[in-house]
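Participant: Quick note: to get this note's numbering, add 1475 to the position in the sequence shown (first position is 1).
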Amino acid sequence: MSGAALGLEIVFVFFLALFLLHRYGDFKKQHRLVIIATLLAWYLCFLIVFILPLDVSTTIYNRCKLAVNSSPAESNGSYVTLAPSKQKCFKPWSYIPNGIMPIFWRVVYWTSQFLTWILLPFMQSYARSGGFSITGKIKTALIENAIYYGTYLLIFGAFLIYVAVNPNFNLQWNQLQTIGIAAANTWGLFLLVLLLGYGLVEIPRSHWNGAKRGYLLMKTYFKAAKLMTEKADAEENLEDIMEEVRKVSESIKYNHPLRKCVDTILKKCPTEYQERMGRNMDDYEDFDERQNSYPSEKSLVKLHKQVIYSVQRHRRTQVQWQILLEQAFYLEDVAKNETSATRQFVHTFHSQEPENKIIQYFYTPTVEWYWECLLRPWFYRVLAVVLATFSVIVVWSECTFFSTKPVLSLFAVFIQLAEKTYNYIYIEMACFLTIFFLSICVYSTVFRIRVFNYYYLASHHQTDAYSLLFSGMLFCRLTPPLCLNFLGLTHMDATISHKNTQPTAYTSIMGSMRVLSFIADGFYIYYPMLVVILCIATYFSLGTRCLNLLGFQQFMGDSEMTSDLIDEGKELIRREKRKRQRQEEGENRRREWKERYGNRDDSTRNRAVHTDQKESSFTETNANRPLSKYTRSNGRTERDRIELLQDAEPLDFNADSVNDDPLESDSGR
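(1) Return the bridge partner residues of R1925 from the DSSP annotation.
(2) Runs of 4 residues minimum, wholly inside the region 1935 to 1965: which ones carry the alpha helix (DSSP H) assignment?
(3) In angstroms, rounded to a whole number, what distance separates the CA positions of T1965 and F1820?
(4) Can you round the beta-carbon distance between L1590 and A1512 to whole angstroms, since I take them to be within the 8 angstroms contact cut?
(5) The alpha helix (DSSP H) with N1712 in it runs from where to where?
(6) Here's the rule I'm using: 16 or more other beta-carbon atoms within 10 Å means buried, otherwise exposed. How should W1580 be labelled?
(7) Who are the Cβ neighbours of I1890 in its own chain at under 6 angstroms, not counting the five residues just before and after it?
(8) According to DSSP, is E2062 helix, strand or coil?
(9) Who are the Cβ neighbours of L2022 in its own chain at under 8 angstroms, not counting the five residues just before and after it?
(10) Are V1531 and T1879 closer than 9 angstroms when you measure CB to CB?
(11) In terms of residue numbering, what span does the alpha helix (DSSP H) encompassing A1969 cover?
(12) Does the distance from the CB of V1509 to the CB of L1944 come in under 9 angstroms?
(13) Would you identify the three-state DSSP class for F1487, choosing helix, strand or coil?
(14) Taking 6 angstroms as the limit between beta carbons, can you name the residues of its chain near D1501, skipping five residues before and five after?
(15) Please identify the residue among H1822, I1654, L2025, K1687 whose C-alpha is closest to the C-alpha of P1840.
(16) If you run the structure through DSSP and keep just helix, strand and coil, what is N2109?
(17) By a C-beta neighbour count over all protein chains shown, 10 Å radius and 16 as the cutoff for buried, is G1939 buried or exposed?
(18) For F1998, which option in K1698, G2032, N1960 has the closest C-alpha, if you only look at C-alpha atoms?
(19) Does the beta-carbon distance from Y1584 to F1565 come in below 9 angstroms?
(20) Just curious, the alpha helix (DSSP H) that K1811 is in, first and last residue?
(21) Leaving out five residues on either side along the sequence, give the residues of the same chain with a beta carbon under 8 angstroms from the beta carbon of V1723.
(22) Which value, in whole angstroms, describes the spacing of the CA atoms of F1607 and W1568?
(23) What are the start and end residues of the alpha helix (DSSP H) that includes P1596?
(24) When you compare the region 1667 to 1687 with the region 2000 to 2015, are there three or more beta-carbon pairs, one atom per stretch, that lie closer than 8 angstroms?
(25) In angstroms with no decimal places, state the Cα-to-Cα distance between L1885 and I1902.
(26) What whole-angstrom Cβ distance do A1700 and L2047 have, given they're in contact under 8 angstroms?
(27) Please report the Cβ distance between E1705 and T1792, rounded to the nearest whole angstrom; I am assuming they are in contact, meaning their Cβ atoms lie under 8 angstroms.
(28) Report all residues from its chain with a CB closer than 8 angstroms to the CB of L2126; omit the five preceding and five following residues, and keep chain order.
(29) Classify Q1599: buried if its beta carbon has 16 or more other beta carbons within 10 angstroms, exposed otherwise.
(30) Beta-carbon within less than 7 angstroms of F2027's beta-carbon, same chain only, minus the 5 sequence neighbours each way: which residues are those?
(31) Assuming V1676 contacts S1914 (C-beta within less than 8 angstroms), just tell me the rounded distance between them.
(32) Report the residue from L1529, L1493, R1734 whose alpha carbon sits nearest the alpha carbon of M1904.
(33) By Cβ distance below 6 angstroms, which residues in the same chain neighbour A1709 in space, the five residues on each side in sequence not counted?
(34) For R1680, which of helix, strand or coil comes out of DSSP?
(35) Is it the case that the Cβ atoms of S1587 and A1658 are separated by a distance below 9 angstroms?
(36) Near M1703, which residues of its chain fall below 7 angstroms by C-beta distance, leaving aside the five closest residues on each side in sequence?
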């Protein structure tokens, strides 16, 4: 079982990272290297979180074995052994043999650092480049990252010069390696506390607000108004870019040297624009080298980059709009069904995707009503209280984890109590829940934040390559300091506990932070206390209020702008709902008409054709009879009228479509 636990977690974490990446990325359209690099970054970070509890339990067992097998007379001073237990040390079920974990952590850590500081920034620039060849994209990526890499080389070179000149420093390679790790962890801890302070408050509050139906519906209306503005802006931007592409396509003819570049740009355009531009092509015209109105290759590279960005943004807003409409319709259905006497959930619109038969069998309308209208609000409230309790424990431990006598960190108290009885299952569960909650608070903030339109993780396969790579960079930079912070909270880090006990395999590869005492004894201990101020600021929504004052509309219940956007979003949802209702009613009437009169119409047409053949032959033999002529013509007209009435489809009519509001004339037409 010793290697089975490690192997199972490695496989499980891989499929977890693959599932999340499939939800946000698009395996079919995005480059394979982008998918592989992002998957590797996410996988390594999630792997550190899941494997660290096994490292803790293995370290505690090694300490116990060392304490039992050694005596004070045999102690050489390298370790201060624990008090020997009267009971025999039991090997944990997930025990990992010595020598495996240090190699494992070294490979995982340095691979993640290579990704976050070297490979992923380069791939970001490569993915956003508008070059038409691999060489051109690599050249653009190197130029964009020259300042990025040069800054780090300059800082590192200045530090080496300072160490070489100062005679008080006698640093070796291991100490330089430790200084580099400390610098990376310091940068990560600085960002970690900011994200953690937001997540500790926002996650419990979002679940508590999730129990409020009116709150969620109002927020959905608010999002609809903002998304409609973004959607219109994306459509307008796409139209402008496509107009530039059309002009370039018309100016650069088929035998121009840059025509291949134009064809590459056209392939990235939507299908309807490609067909429209293809009809206006005049390939018989040759280009004239004496004209100076042709765009340069540099301008085409810029245009290519703009096309990729505008098409991705337009597609993303379209998909998000449809998803938001489904959410709004569902929340409105929940509000209507709360007062239902039949206690069966009734949907306004049927699901467009086929439902699973197993889920449909168990999740009946009655079960759905009890869950959505009765149980789910209470479940969210209880979950919010549990998460808020965890947040309070984390904040308290972040402010007191440096105290070893007495031990004030609650996580350290829990681990030490379990260590006395060597309850390894409890130790692993407590460690896993602790680090998992910290990871959720940090990673969820990474998934929620949005830096204008440059970084935005959108679900349903709508995240661009740049945002995926940027998220991988953030994960690789945040996970190592997150794990060190967790080991400090549980007093498993010798730097915090001030004991010479056997360290964990994870802290052993980090080296001794005593090389930089001002970081080990200052920044690492006192900076996490800033999480208290950040939690207070998040609780009172100070960041949201500042963004609102700067002109970025945020959802605030006491704001007049928020109320206006809610009313606008409500009107937009109402129009879309009427539009979909008319479409469904028209389809239902056509289906019923076809089922009821489909066979009769076919037989009527057959009889009409047979009658026409008879009448034509009769007309040839009786062409000289005027009375018969008029009689046949009148009968033919009558039959044509009947046939037209039977073939006509019903018109889509709804009483709601008759509206005097001029703003709704488009939807009425």
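Even glycine gets a Cβ: it sits at the ideal position worked out from N, Cα and C. If you're wondering where the values come from, they're calculated on a predicted model, not measured in any experiment.
Facilitator: According to the structure shown:
(1) Answer is Y1931.
(2) 1940 to 1964
(3) 47 angstroms
(4) 7 angstroms
(5) 1688 to 1726
(6) Burial of W1580 is indicated by the presence of at least 16 other C-beta atoms within 10 angstroms of its C-beta.
(7) T1965
(8) DSSP places E2062 within a helical segment (H, G or I) once states are collapsed to three.
(9) Result list for L2022: Q2029, in chain order.
(10) no
(11) Taken as a continuous stretch (DSSP letters only), the alpha helix (DSSP H) holding A1969 covers 1969 to 1972.
(12) Yes, Cβ-Cβ distance for V1509 and L1944 is below 9 angstroms.
(13) Assigned with DSSP and collapsed to three states, F1487 falls in helix.
(14) H1936
(15) The shortest C-alpha separation from P1840 is found at H1822.
(16) Note that N2109 scores a pLDDT of 45, beneath 50, so its modelled location is shaky and nothing firm can be said.
(17) In the sequence as presented, Gly is not what sits at residue 1939; that position holds Asp. D1939 is buried by the Cβ-count criterion.
(18) N1960
(19) no
(20) 1772 to 1812
(21) The beta carbon of V1723 lies closer than 8 angstroms to those of V1737, I1740, P1770, L1775, L1778 in the same chain, with the five residues before and after it left out.
(22) 55 angstroms
(23) 1595 to 1603
(24) As far as the Cβ criterion goes, the region 1667 to 1687 touches the region 2000 to 2015, which means the pair count is three or higher.
(25) 14 angstroms
(26) 7 angstroms
(27) Rounded to whole angstroms, the Cβ separation of E1705 and T1792 is 6 angstroms, and the two are in contact under 8 angstroms.
(28) For L2126, the pLDDT reaches just 44, beneath the cut-off of 50, and the residue's location in the model is therefore unreliable, leaving the point undetermined.
(29) Of the other Cβ atoms in all chains shown, 16 or more fall within 10 Å of the Cβ of Q1599; this residue is therefore buried.
(30) Counting only Cβ-Cβ distances below 7 angstroms, and skipping sequence neighbours, we find nothing.
(31) That belief does not hold up - the Cβ atoms of V1676 and S1914 are roughly 17 angstroms apart, past 8 angstroms.
(32) Ranked by Cα distance from M1904, the options L1529, L1493, R1734 are led by L1529.
(33) R1788, H1789, T1792
(34) helix
(35) no
(36) Within the same chain, L2047 come within 7 angstroms of M1703 by CB-CB distance, once the 5 residues on both sides are set aside.
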